[in-house]
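Input: a single structure, listed below in structure tokens.
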Amino acid sequence: MLSGVCVLLQLFGFVVAFVPDHVLRISVGTIQQDCKPRLSTLVNGTYPGPPIYLEPDVTTWIRVYNDADINATMHWHGLSMATAPYGDGSPLGSQWPIPPGHFFDYELHPKAHEAGTSFYHSHIGFQAITAAGALIVKDAGAPPYPYDDEIILKFGDYYSFEDHEVEEMLNSKTWKWTDDPLALLINGHSGTAPGPKNSNPSDESCQPWQVDVEPGKTYRWRVIGGTALSMVVVGFEDHENLTVIETDSSYVLPVETPFIQADTGQRFSFLMKTKTQEELNALGGKTKFWIQAETREGFGTVPAWAILNYVTGEGVEKRQNLSGRPQPSADAGATGPNDVPQSPILELPYDVENFLEYTFENPDLPGYVKAPTAEEVTRRITISTLQFLNNSSGYTEFKENMESWHEQHPLGPTTQTPYLVEILSNGTVNSAVPDYERAMSNPEQEGFDPISHTYPAKIGEVIEIVWQNAASFPAGMYGPHPVHAHGEHFWDLGSGPDVYSVEAHKTLLESNSVNGRPWTGSRRDTTMLYKYQVQSPNPGEVNGWRAWRLRVTEENVGVWMMHCHILQHMIMGQQIVWVFGTPDEIKKHTKPVEGVLDGFFTYGGDVIGKEGAEDHVRRVRFFQ
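Numbering (mature numbering (1 follows the signal peptide of the UniProt record, and there is no 0)), first residue to last: -17 to -1, 1 to 607.
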């Protein structure tokens, strides 16, 4: 690492400037999506942003410049950020946003057991629809499942609305929904042309993304749910033997499936063994196969197409090249010699609620801690979510137990200071700091602190969180919610219909037994709160739940967001804040090894650099 080299040079008496290992620049610019221009928030001028690969148990410095005229942050989705929660990237949760014209140095130190597929994205407003890229933590040694090469498959949504327009539509009294995306994107390509509606596409963004593979090889596909709204199902023509080996940056015991289903925030790795040359010959020498992706749980189905292309010898390109390639001759479902299919060639399922539920198990690998048992659980928190029209204010919001959380609340938040800043700067003397006893004695909502609007938790607790899906007020509509937790991963314990019942859940765990024992869950950071019906005649009626179990330790103290990962729902307030540990414990366990914390306490404080003035300075370091 360059920063490590700089340290060595300093030890030998050389004066050198600090050089980060990676540089990301956030800007606003016009790009082509689905062969149409869109003003978008970008990382290094592209969408998707450049992939970043991290070494395990090594500190990596990533400098994020904000070249835009709006605030920005970067969230490292899937990383625990243990010991450095100030850099989690949640604005007004863990840190101040990066002001325009400034930069922030993020210090990442993933552990070996965090090896897997993540992604980075802005955590402000609607920026993450384009300000995002793959974040891969490498294995410390050989991966537990061997493969020859790997491929990144990142899904995205295309809307013609600009970011600020979406935010204004959703956060105003004249509330307006965005509807389904105009296109589904695979590594930035919609794959909707050429076809009858667009026989001569103007650029590559609406043409199918193409990936080259060799016969008889095993490929690891890293699937990233980077959409704003859409759940995606994807299948591969004549390639139905997919083996899932990773979910949300955690390895799992191999599971066979003919398709993959991923919602926004989720990641999966699966192995695909490509056909041998003999098998290709048996198909008449066919070398091009369609990749078919479709959205689910929206008002309609939005398709996208990509191409799996077999090559040999020098024709093989690097797998991480996500740029477009010339459109091949279509040989499946096309209406013209070069057209993409105009109708599905694979029957991908619509029954989304049962995709590998109660199935995944984590292997016994170094750093993989066993799931807490039911006997260890110290308390259960039930959180019901619904869309709510407030007749008195006129705003439509998402509520978690009738509370909303906004980066910039249209009604005015209780505090504009990040929670972690309050804790680190004021400790226990400020009454607005989260208070465990006050939360536990709350008669209306046990576990929720009504003063700080947070859920405090103590070190040593094992907490079950049950998410429930409630019909909206006043329309009685249900929606799906991919719920994501920042910080250390939780153990997902499955889902089901109706109101949560301990007895019904126990029956489900036992009926999905493994080697004669009930299913104990798997490590995740984003799982689905499904909708089991479209509408209820009774607004507020619960139908559907998801259960988690997590352990609060000295390793994961800090301020951590939990929220639906649908960007529109986040903008509408479907977020809550958890505080693990007391203020003094958070201070103790996040103490830097170099520098002081004061620079984090103000917007634009001295941990924030300004290009051309202090871009060589590193003020705080948390890892040796």
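For every residue, glycine included, the Cβ atom is placed at its ideal position computed from N, Cα and C.
query, result
"6 Å CB neighbourhood of residue 128 in its chain, flanking five on each side removed", "228"
"Limits of the beta strand (DSSP E) - the one that residue 436 falls within", "Unbroken run through residue 436: none, as it is neither H nor E."
"Residue 345 classed as buried or exposed, judged by whether at least 16 other C-beta atoms fall within 10 angstroms", "buried"
"Whole-Å CB distance - residue 106 paired with residue 289, under 8 Å assumed", "At roughly 28 Å, the Cβ-Cβ gap does not stay under 8 Å, so residue 106 and residue 289 are not in contact."
"Assigned exposure category for residue 405 - 16 Cβ within 10 Å defines buried", "buried"
"Pair within 8 Å by beta-carbon distance, residue 257 and residue 238", "no"
"The stretch 447 to 459 / the stretch 354 to 368 touching (three or more Cβ pairs under 8 Å)", "yes"
"Neighbourhood of residue 303 by C-beta distance below 7 Å, restricted to the same chain and skipping five residues each side", "With a pLDDT of 39 at residue 303, under the threshold of 50, the predicted position of this residue should be treated as unreliable, and no value is reported."
"Distance, residue 148 Cα to residue 298 Cα", "Low confidence applies to residue 298: its pLDDT is 49, below 50, so where it sits in the model is not reliable enough to give any reading."
"8 Å Cβ cutoff met for residue 503 and residue 475", "no"
"Test item: CB-CB of residue 615 and residue 469 under 8 Å", "Residue 615 lies beyond the range of the chain shown here (-17 to 607); nothing can be said about it."
"Reduced DSSP secondary structure (H/G/I, E/B, other) of residue 301", "Reliability of the predicted coordinates at residue 301 is poor, the pLDDT of 44 falling under 50, and no value is obtained from them."
"Buried versus exposed call for residue 553 [16 or more other C-beta atoms within 10 Å across all chains shown]", "buried"
"Length of the line joining the Cα atoms of residue 407 and residue 284", "47 Å"
"Same chain, Cβ closer than 6 Å to residue 16, five either side skipped, listed in chain order", "141, 188"
"Beta carbon proximity, residue 585 to chain B, threshold 8 Å", "Among the chains of the structure shown, chain B does not appear; only one protein chain is present."
"Rounded separation between residue 158 and residue 555 - CA only", "10 Å"
"Residue 312 versus residue 549 - alpha carbon distance", "Low per-residue confidence applies at residue 312: pLDDT is 39, beneath 50, and the placement is therefore not dependable, though the value from the model is reported in the following sentence. C-alpha separation (whole angstroms): 36 Å."
"Residue interval of the beta strand (DSSP E) (run including residue 89)", "85 to 91"
"Within 8 Å, strictly: CB atoms of residue 164 and residue 91", "no"
"C-alpha distance - residue 356 paired with residue 95, whole-angstrom precision", "24 Å"
"6 Å CB neighbourhood of residue 217 in its chain, flanking five on each side removed", "243, 276"
"Pair within 8 Å by beta-carbon distance, residue 505 and residue 343", "yes"
"For residue 234: DSSP bridge partner residues", "229"
"Check whether residue 561 and residue 400 have beta carbons under 8 Å apart", "no"
"8 Å contact criterion, which residue 209 and residue 139 should meet: CB distance rounded", "5 Å"
"Member of 28, 6, 75 whose CA lies at the smallest distance from the CA of residue 48", "6"
"Residue 404 - DSSP class collapsed to helix/strand/coil", "helix"
"Residue 489, DSSP secondary structure in three states", "helix"
"Residues near residue 518 in its chain [Cβ-Cβ closer than 6 Å; skip 5 each side]", "459, 460"
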